[in-house]
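For reference, the structure is listed below as structure tokens.
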Amino acid sequence: MMIFVGLGNSETKYLSTKHNAGFWVIDQFAKSHDIEFKPGKGNYIFAKKGSEFLLVKPTTGMNNSGTIIRDVLNFYKANTDDLVVVFDDVDLPLGEVRVKADGGDGCHNGMKSIIKSLSTDKVKRLKIGIAASDYRRPSEKYVLKPFNKKFHPLVQEVLTIANDAMISMLNKGVDETMNNFNKQNIGVA
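For what it's worth, our numbering labels the leading residue of the sequence shown as 11, then goes sequentially.
Here it is as structure tokens:
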């Protein structure tokens, strides 16, 4: 069973911020498969479709996601080969989705927590580009703001592409998905 974990902050004040792109993708995937989230055995909510896939949203906050993911893997007797982490990437332009088999944390505190808790960087990822033309450093302030309304149609397109990438990972694996989706760019904002 593939386990998709969306990173985000569950507090109401953060729900519409760019840093919650991982949650948005997971929410859309659940909606497209007509499944609903329920409380997990810990600080997370989950939605499951039989033995096909599990969707997880940690409720600990972005920077403390690692421990929960380790607990989820243990509970489901899974390992990092079964895991795909979905999260925002401020170094990718809005309009890009990138699939990776492994790598460093990319200065993303959620990934830093995961790599530390799992003691490996061999974690598959689905990265959602969030850098729009209004992007300014420092990134900490940028990611905690919503997108300008003019970018909403592009954000919706990106969520659809991310949804398709998740379906591809389930059906064709990560390598083929990387080959097909890392070439796409729907028009950088």
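Even for Gly, the Cβ is constructed at its ideal location relative to N, Cα and C.
Values in this document were obtained by computation on a predicted structure and should not be read as measured data.
**Asked** To the nearest angstrom, how far is it from the Cα of residue 154 to the Cα of residue 139?
**Response** Numbered from its first residue, the sequence shown carries residue 154 at position 144. Numbered from its first residue, the sequence shown carries residue 139 at position 129. Approximately 14 Å between the Cα atoms of the pair.
**Request:** Check residue 31 in the structure and name its three-state DSSP category.
**Result:** Within the sequence shown, the letter at position 21 stands for residue 31. Three-state result, residue 31: helix.
**Message:** What would DSSP say about residue 126, mapped onto helix, strand or coil?
**Reply:** If you number the sequence shown from 1, residue 126 lands on position 116. Note: residue 126 maps to helix in three-state DSSP.
**Item:** Cβ neighbours of residue 98 in the same chain (closer than 7 Å, five flanking residues each side left out)
**Value:** If you number the sequence shown from 1, residue 98 lands on position 88. So the list reads 28, 29, 31, 32, 138, 140, 153, once near-sequence residues are dropped.
**Message:** In the DSSP assignment, the beta strand (DSSP E) including residue 97 goes from what residue to what residue?
**Reply:** Numbered from its first residue, the sequence shown carries residue 97 at position 87. It spans 93-103 - the beta strand (DSSP E) in which residue 97 sits, taken as one unbroken run.
**Message:** Within 10 Å of its beta-carbon, does residue 217 have 16 or more other beta-carbons around it, so buried, or fewer, so exposed?
**Reply:** Because the chain spans 11 through 199 in this model, residue 217 falls outside it and cannot be assessed.
**Message:** Check this for me: beta carbons of residue 128 and residue 78, under 8 Å apart or not?
**Reply:** Taking the sequence shown and counting its residues from 1, one reaches residue 128 at position 118. Taking the sequence shown and counting its residues from 1, one reaches residue 78 at position 68. The answer is no: Cβ separation not under 8 Å.
**Request:** Classify residue 172 as helix, strand or coil using the three-state DSSP reduction.
**Result:** Locating residue 172 in the sequence shown gives position 162, where the first residue counts as 1. It is helical.
**Message:** Quick check: what's the CA-CA separation for residue 61 versus residue 95?
**Reply:** Taking the first residue of the sequence shown as position 1, residue 61 is located at position 51. Taking the first residue of the sequence shown as position 1, residue 95 is located at position 85. Rounded to whole angstroms, residue 61 to residue 95 spans 18 Å at the Cα level.
**Item:** Cβ-Cβ distance between residue 50 and residue 124 below 8 Å
**Value:** Within the sequence shown, residue 50 is the residue found at index 40, counting from 1. Within the sequence shown, residue 124 is the residue found at index 114, counting from 1. No, they are not a contact pair.
**Message:** Between residue 42 and residue 173, how many whole angstroms is the CB-CB distance? I'm expecting something under 8 Å.
**Reply:** What you label residue 42 is simply residue 32 of the sequence shown in a count that begins at 1. What you label residue 173 is simply residue 163 of the sequence shown in a count that begins at 1. Rounded, the Cβ-Cβ distance is 6 Å, consistent with contact.
**Message:** I'd like the list of long-range same chain contacts for residue 15, defined as Cβ closer than 6 Å, with 5 residues on each side in sequence excluded.
**Reply:** In the sequence shown, residue 15 corresponds to position 5, counting from 1. Excluding sequence neighbours, residue 15 sits near 66, 79, 95.
**Asked** Could you give the distance in angstroms between the alpha-carbon of residue 151 and the alpha-carbon of residue 100?
**Response** Indexing the sequence shown from 1 puts residue 151 at position 141. Indexing the sequence shown from 1 puts residue 100 at position 90. Spanning the two alpha carbons is a distance of roughly 11 Å.
**Prompt:** In angstroms, rounded to a whole number, what distance separates the CA positions of residue 84 and residue 132?
**Reply:** Locating residue 84 in the sequence shown gives position 74, counting from the first residue. Locating residue 132 in the sequence shown gives position 122, counting from the first residue. C-alpha separation (whole angstroms): 17 Å.
**Message:** As an exercise, report each continuous alpha helix (DSSP H) stretch of at least 4 residues that is fully enclosed by the segment 29-87, in chain order.
**Reply:** 31-42, 75-85
**Asked** Can you tell which of 136, 53, 13 has the C-alpha that lies nearest to the C-alpha of residue 185?
**Response** Here residue 185 refers to the residue found at position 175 when the sequence shown is read from its first residue. Ranking the options by Cα distance to residue 185, first place goes to 136.
**Prompt:** Among residues of its own chain, excluding the 5 on either side of residue 38, which ones have a beta-carbon nearer than 7 Å to its beta-carbon?
**Reply:** Within the sequence shown, residue 38 is the residue found at index 28, counting from 1. If we look at residue 38 and ignore the five residues flanking it on each side, its Cβ neighbours are 169, 173.
**Item:** C-alpha gap between residue 70 and residue 34, whole angstroms
**Value:** By one-based count along the sequence shown, residue 70 stands at place 60. By one-based count along the sequence shown, residue 34 stands at place 24. Cα to Cα, residue 70 sits roughly 17 Å from residue 34.
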